[in-house]
Every structure is written in structure tokens, then in C-alpha cells.
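The next block holds one structure in the form of C-alpha cells; read it before the comments.
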């Protein structure tokens, strides 16, 4: 395939724009940083911090979370077992599109079932799916309880709440383990950043 | 809000990473270039060409098309009226996420119903949704018929085919009109590129 240099950093290949072309443009590789863990484990907080650290490095990241997914793409889903699985499936598909676009997608959803997470992993390109288990003890989560959800679940006002009356299936071999009770938000985000750096995601 | 300069191009705002931060990083604004038109109008071909032109300008674009949507996010949808609407709704939601991420999303789907397209427009941020009507006469489309689909539809082997036994509702006020039979693919892509340039999408 013929190539020609455009500007200083970009090698242009004849034919369609490829994922590798986008990597060269962005000087990074697309990936899915998939946070999983109990409610109040700190997933979203760490995701926000990680996104900042990446922006400081001039890297293009995008967070998929309840705010931009539940009211949009997945607003026609409820909380049945089927809908929960479909919720995670769609998030996974969107994250894969972002990774294909060269973006570092950061998802922060409880995603309690191993099977649902493993389906996203299985459908991702090798190396794209980085599972981050944000671990907190149930006691720790209940003590934090910033939205009072555990309290309501314990009182029976919320049914099927993960960790109380619905299971959380912890990852068996996550790429990264964050123990929220032993680390700061900043350190957690830096741990993930270092993983991305060491494995070449922050270069093209 | 306090700001500090990082590197040469990026102004860092305290707080979460915003859409504007991503615009500064990418030196462009996110948008949805929504191609609509009959099968064989040339939507995908123009989309591929536009993506190349944008990459040459070091702009970050991403195409959403049948190849990466129908087999992934929308693989659980069929061709009922309800599923067709849901197909376009999901594509619209994903395109909005890409625009929010600062990317120029280029969609190339027939998207025959005005109501479905207008719902995406109504849910997009002002200025984000750029409707591109890729017009071809039905005769012209039937003469091209690269996949033999019109022939099959005329023979009754495909039911509900847009333009034959299902309506195509043309945009009334598209941002851009491309008349495929009067222009080359390159010219069509350049017309869209010029629109993006003139309206400031290619700068932050």
C-alpha cells in the first residue's frame, strides 16, 4: 500500500481511513477502561480524575457513565434481568466504537455480572478491554453511601440492589485492582494512567 | 473558575473535563454530519471521502455506518417499523456522544423517515446536527444498484424497500444538499468540508 507523509506526524495510506491512521493522528491508541465495582466504590470519581490526567497529557478520553447513557441511549431500558444485560451490552458496543475511533473510553457502571463484562471483553479487539476492579468492602460502601441508596436498600425501599439483595460478581483476573479504602482518588487514577503508559496506549 | 495554561494549546479549567476542553485539545468542534438518502445515492462513498479529507486536515472524524452498527449495537433489531425507528434513535444517541466527545461523527444510513431524523436533530445541541441530503433520482439509483437490491425489490424478493414499496421522506431544509447525479464524490465531500470550515467546526 502506498504511503505519503502529511504534515509532520501523519502517514497517509491510500484507501479508507483506518484505526491506525486515527492512532497516528491522536498519538495514542484506543482502549476501553472498564471500571466495575459496588455502588459508592468510587468508580465515577476515579474516572473523572483519570480523564483530567489524560487531558493534561493531551490525550483524548471520553467517559461513559449514568449521566450520558441512562438518559440517552439506554433510556428505554428498565431494571429487569434482561434489560440490565442489554444495558451493559449497549455500553460495551459504544465503548468499542470509541476505542475503534482511537479514543480512550472510560466506563463507570456497577456492571455486577461477570458474564456481561466478559461478553464485552470477548467482543473487543485484543488488548482493548482493560478491566478495573474498584474494590470497596460492603461495610465501607455502606458507610460512605453518598446518595443514601444502601440505607434505602436495607430498609427494603429499593429492591435488587447490588451487594444487598442482588449479587456482585467480582472480576477474577482484572487488569487493574484498585482498593478504594487503601488509596486516594489521585493515586487510583495515576495507577491506571501508569498502566496505559507502560503498555503503550499513550503513544501511536 | 480558575484556569491555567498547560502546554501550548490547552487551557485547563478547574473541575471536570468539559466539551470545550476537548475542543481545545482537538482544535475542532464536535458535530454530527447526518447523511440521508436512497440506497445507492452515494452516502457511504461520500462519507469515506469526507473522512479522508478531514484526516488530511488533521481532524478527528469517525464514521457510523451499517458495517459497525448493524453487527454490533443494533444487531438485536429487525426491520419492523418499531425497530427501524429504534435503529435510527440509537445511531442518533451514539452520534451525539461522539459529538460531545469533540469528534465529527459522520453517519450514512438511509434514515427515510423525517420524524426519526428530526428527533435526532431535536435532541442534539444547537448547531451540532448537520443534515446532508444526498439526492439521487429513483431512476438513477436503480441504474446504479451496485448490490442488486432494487432489482430484487422490483421482483418482490425484498419487501419494504425504501423508494419502491416504502417511502423516502426527503428533508425539507437540509443544511447541505448534494445532487449525486450532478457532482463527483470528491466535489460532494469538499462541499461538506467547506461547510464545516466556513462555520468554524474545524477550529476550537
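Protein chains in written order, with this note's numbering: chain A, 24 to 227; chain B, 24 to 227.
Ideal Cβ placement from N, Cα and C applies to all residues, glycine included.
- The C-beta of residue 132/A has 16 or more other C-beta atoms within 10 Å across all chains shown, which makes the residue buried.
- Leaving aside the five residues that flank residue 97/B on each side, the residues in its chain whose CB is nearer than 7 angstroms to its CB run, in chain order, 110 and 113.
- When the Cα atoms are used, residue 105/B and residue 180/B turn out to be separated by approximately 22 angstroms.
- Chain-order list of chain B residues neighbouring residue 91/A: 120 and 123, by C-beta distance under 8 angstroms.
- Against chain A, the beta carbon of residue 208/B has no neighbour under 9 angstroms; the closest one sits roughly 13 angstroms away.
- Just measuring C-alpha positions, the residue of 74/A, 47/A and 154/A sitting nearest residue 55/A is 154/A.
- The residues 204, in chain order, have a CB closer than 6 angstroms to that of residue 163/A in the same chain once the five nearest residues on each side in sequence are set aside.
- By the neighbour-count criterion, in which 16 or more other beta carbons inside 10 Å mark a residue as buried, residue 44/A falls on the buried side.
- Assignment of residue 131/B by DSSP, reduced to helix, strand and coil, places it in the strand class.
- In terms of beta-carbon proximity, residue 95/A lines the interface with chain B, with at least one pair separated by less than 8 angstroms.
- Check the Cα spacing between residue 195/B and each of 60/B, 220/B and 47/B: the tightest is with 60/B.
- For the set 100/A, 199/A, 87/A and 202/A, the Cα lying nearest the Cα of residue 122/A is the one of 87/A.
- Close to chain B, meaning a Cβ-Cβ distance shorter than 7 angstroms, are the following residues of the region 73–86 of chain A: 74, 75, 78, 79, 81, 83 and 85.
- Within the region 128–181 of chain A, the complete beta strand (DSSP E) segments at least 3 residues long are 152–158, listed from N- to C-terminus.
- Within chain B, the residues placing a beta-carbon under 9 angstroms from that of residue 48/A are 78, 81, 82 and 83, ordered along the chain.
- Contact between the region 183–191 of chain B and the region 155–174 of chain B is present: three or more C-beta pairs spanning the two stretches fall below 8 angstroms.
- Where residue 85/A is concerned, the enclosing beta strand (DSSP E) starts and stops at 84–87.
- Interface criterion not met: the Cβ of residue 222/B is under 8 angstroms from no Cβ in chain A.
- Identification of chain B residues near residue 40/A by a Cβ-Cβ cut-off of 7 angstroms yields 74, 75 and 78, ordered along the chain.
- Going by DSSP, residue 71/A is part of the alpha helix (DSSP H) stretching over 66–79.
- Residue 39/B sits in coil when the DSSP states are folded into three classes, being neither helix nor strand.
- Between residue 213/A and residue 137/A a beta carbon distance of about 27 angstroms is seen, past the 8 angstroms cut, so the two are scored as non-contacting.
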